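Enquirer: Quick one: structure below, then a few questions.
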Amino acid sequence: METGKKGPEKKFRAGAVAASVWRNSTLKDGKQDSYCTVSLERGYKNKEGTWQNTSSLRANDLPRAALVLAEAYKYLVMSGGADAQEVMI
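Residue numbers for the sequence shown follow the numbering used here, beginning at 279 and rising by one.
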């Protein structure tokens with residue numbers, strides 16, 4: 279069993295805004311079950327010039343967020359990573 283953290287399965291970026299697709303697994307009714315989640319973040323430099331991430335978006339970030347989320351959704355649907363019962367097109 280792996281103990282190290284894995285990175286995202288796929289990452290979509292538009293400027294400073296990124297959507298990451300994560301594959302997760304859990305034990306459900308005695309069976310191993312896999313599902314995906316998507317996280318959204320915006321990168322910025324703090325006062326010291328170090329890159330940081332936040333989940334807060336500015337108005338100008340919203341079109342980029344919509345774009346990367348749409349790409350993440352398309353990836354999940356096309357790759358079969360989304361549960362068929364959850365997908366609504």
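Note that CB positions come from ideal geometry on N, CA and C, so glycine has one too.
Only a predicted model underlies this, so the values are computations on that prediction, with no experimental measurement involved.
Rounded to a whole number of angstroms, what is the C-alpha to C-alpha distance between Thr328 and Tyr322?
Expert: 8 Å
Enquirer: Can you tell which of Cys314, Glu326, Val346 and Pro341 has its C-alpha closest to the C-alpha of Gly285?
Expert: Cys314
Enquirer: With DSSP collapsed to three states, give me the class of Asn338.
Expert: helix
Enquirer: For the beta strand (DSSP E) containing Ala292, list its first residue and its last residue.
Expert: Lys288 to Ala292
Enquirer: From the DSSP output, read off the bridge partner residues of Asn302.
Expert: Tyr313
Enquirer: Just verifying my parser: in three-state terms, what is the DSSP assignment at Lys323?
Expert: strand
Enquirer: Among Ser357, Gly358, Glu287 and Arg320, which one has its Cα closest to the Cα of Gly293?
Expert: Closest by alpha carbon: Arg320.
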